[in-house]
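K.L.:
Every number in the numbering used here is 61 more than the matching position in the sequence shown, counting from 1.
Glycine included, C-beta positions come from ideal geometry on N, C-alpha and C.
Remember, predicted model here, so these are calculated numbers, not experimental data.
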Amino acid sequence: MRIAGVDGGQTGLRLRVVGPDGSTATATSGGFDYDAGDPAATVLALVKQAWARLPAAERRPVARVGMGLTGDHRPDEVRRIEAGVADLLGAPEVRVAHDSVTAHLGALAGKPGVVVVAGTGVVALARTGSGTTGATARVDGWGHLLGDEGGGFAVGRHGLRAALAAYDGRGPRTLLAAAAADRFGPLDGLPRRLYGTGGTVADVASFSRQVADVARAGDPVAAAIWHDGVTALVDTTRAAVSRYLELAASRPDTTVPVSWAGGLMGVADLVREPWRRRVETEIPRAHVVDPAGDGLDGAVLLAEDA
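1) In the structure shown, what three-state DSSP assignment does Met326 receive?
2) Suppose the cutoff is 6 Å on Cβ atoms and the five residues either side in sequence are ignored; what does the same chain contact list for Asp280 look like?
3) Could you give the residue range of the beta strand (DSSP E) that holds Asp201?
4) Which first and last residues belong to the beta strand (DSSP E) in which Asp249 is found?
5) Please state the DSSP three-state secondary structure of Asp358.
6) Can you name, in chain order, every residue of its own chain whose Cβ lies under 7 Å from the Cβ of Gly217, other than the five neighbours on each side?
7) Leu398 lies in the beta strand (DSSP E); which residues open and close that run?
8) Of all the options Ala285, His165 and Asp289, which has the alpha carbon lying nearest to the alpha carbon of Ala198?
9) Within 10 angstroms of its Cβ, does Ala113 collect 16 or more other Cβ (buried), or is it exposed?
10) Is it true that the stretch 317-333 meets the stretch 179-192, where meeting means three or more beta-carbon pairs spaced less than 8 Å apart?
11) Label Pro100 either buried or exposed according to how many other C-beta atoms from any shown protein chain fall within 10 Å of its C-beta, with 16 as the threshold for buried.
12) At 3 residues or longer, what runs of the beta strand (DSSP E) sit wholly inside the stretch 134-171?
13) Looking at C-alpha atoms only, which residue of Glu143, Arg125, Val319 and Tyr228 is the closest neighbour of Ala185?
14) For the beta strand (DSSP E) that Ile344 lies in, which residues bound it at each end?
15) Which full runs of the beta strand (DSSP E) of 3+ residues lie inside the stretch 213-294, going along the chain?
16) Which residue from Leu107, Asp137, Ala238 and Leu76 puts its Cα closest to that of Arg125?
17) Sorted by chain position, which residues of the same chain lie with C-beta nearer than 8 Å to Ala168's C-beta, five sequence neighbours on each side aside?
18) Where do the ends of the alpha helix (DSSP H) carrying Arg124 lie?
19) Please work out which residues of its chain come closer than 6 Å, Cβ to Cβ, to Ala238, disregarding the five sequence neighbours upstream and downstream, and give them in chain order.
20) When DSSP builds the beta bridges, which residues end up paired with Pro318?
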C-alpha cells in the first residue's frame, strides 16, 4: 500500500511518499504563515508545491495520507484540507492532526510519554496510550502572540528587543545591535521592514541564529536570552509531565518517558543539552530518551495506524 506523510510547520512543509516495499521519496516547500488570510488554501498550495517537486514516477495515487500541521485549524478548514489533499494525491483517506501529535508519534515511535516540540514555536504533548489511543494533554502551542515560550520566534524577538533597547540607550550594550543591523539593515527602519510583510514570524525566528552566534561570542545579554528560553522549555516540560501523571493516575514510582522534536532542539549547546540536564535534575519523574524519529516519521505512522 502506498501512503504519504506530511509535516507542516511554520518554517517548512515536508511530504514523503512510502511505497509498499518501504521505498521513500521526499520533497519540501515553504512554511505555514499564521497571518495568511486563508490557512486552508495556504496549506493546500504548499502541499501542491511539494507534490510537484517529487519525481514524476512518485506522483501516483496513494491509499492514505497522514498530516501533522502547525496551528489550530477550524473544522471547515480541516475539511477543505482533507478534500483538497485527497483530490491532489488521489487518496481515499486523509488524516489531519496537530503537529504535536505527529511529533509525539515520531519521537516515541507511537509509545506513551511526553514530547516537547521546540522549533519556531513550542508545544508539549502528553499521551498515555500507544499510537493515537489514550488520554492526551497539550501544553503551550498558543502561537507566537500568546505563547510558544522558549521557541525560535521568542528567542529572535527577545534578541531584537535587546538590540533596539541598546540602540535607544534603554538597555545594556550588546553585540545584538550590530548583529540586527547586519541582518536587517539600519535599526531605525526595522519595524517598517518587519511589520506586515507576510513573513514576520519566519523573519523574527531566523534572528535566533544571530542570537546564538552572539551568545557563543560571550555576550551576556544574548546568553541570558537562551538561559531564559531553556527555563521556559523546562517549565513547559514540567507541566506536561504533571498532566501525564494526572491522566495516567500513575503510581508514585512511575517514571515518564520524555523526548523532544523540532529544529531548535538541534541547537545542542544552548538548548538541548541544558534543557536535558535541567529536566533530569529538576523533574524527578521524567526520564529523557533520544527521539526515535521526527514529525515526518510520525505523519507516516499516522497514515499507517489501523
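P.N.:
Inspection of the coordinates gives the following:
1) As a first step, residue 326 is located in the sequence shown; it is residue number 265 there, counting from the start. Met326 falls in the helix class under three-state DSSP.
2) Reading the sequence shown from its first residue, position 219 is the one you call residue 280. Within the same chain, Asp280 has close Cβ partners Thr235 and Leu236.
3) As a first step, residue 201 is located in the sequence shown; it is residue number 140 there, counting from the start. Where Asp201 is concerned, the enclosing beta strand (DSSP E) stretches over Thr197 to Asp201.
4) In the sequence shown, residue 249 corresponds to position 188, counting from 1. From DSSP, Asp249 is part of no beta strand (DSSP E); its letter is neither H nor E.
5) If you number the sequence shown from 1, residue 358 lands on position 297. If DSSP states are grouped into helix, strand and coil, Asp358 belongs with the helices.
6) On the sequence shown, position 156 is the one that residue 217 refers to. Answer for Gly217: Val265, Ala266, Ser267, Phe268, Ser269 and Val272, listed in chain order.
7) Here the chain comprises residues numbered 62 to 367, so residue 398 is not present and cannot be evaluated.
8) To locate residue 198, count along the sequence shown from 1; it is residue 137. Here the closest residue by C-alpha is His165.
9) Within the sequence shown, numbered from 1, the residue matching residue 113 stands at position 52. It is exposed - the Cβ of Ala113 has fewer than 16 other Cβ atoms within 10 Å.
10) yes
11) Numbered from 1 along the sequence shown, position 39 holds the residue referred to as residue 100. Classification for Pro100: buried.
12) 154-159
13) Looking up residue 185 in the sequence shown gives position 124. Closest by alpha carbon: Val319.
14) For this step, residue 344 is matched to residue 283 along the sequence shown. Ile344 -> no beta strand (DSSP E), and no H or E assigned at all.
15) none
16) Here residue 125 refers to the residue found at position 64 when the sequence shown is read from its first residue. Considering only alpha carbons, the answer is Leu76.
17) Within the sequence shown, numbered from 1, the residue matching residue 168 stands at position 107. Correct list, in chain order: Val176, Ser320, Trp321, Ala322, Pro352, Ala353, Gly354, Asp355 and Gly359.
18) Numbered from 1 along the sequence shown, position 63 holds the residue referred to as residue 124. The sequence shown places Ala at residue 124, rather than the Arg named in the question. It is not in any alpha helix (DSSP H) - Ala124 carries neither H nor E in the DSSP assignment.
19) Along the sequence shown, read from residue 1 onward, the residue named residue 238 stands at position 177. For Ala238, where only same-chain residues beyond five positions count, the Cβ hits under 6 Å are Ala224, Ala227 and Tyr228.
20) If you number the sequence shown from 1, residue 318 lands on position 257. For Pro318, which the question treats as bridged, DSSP gives the partners His348.
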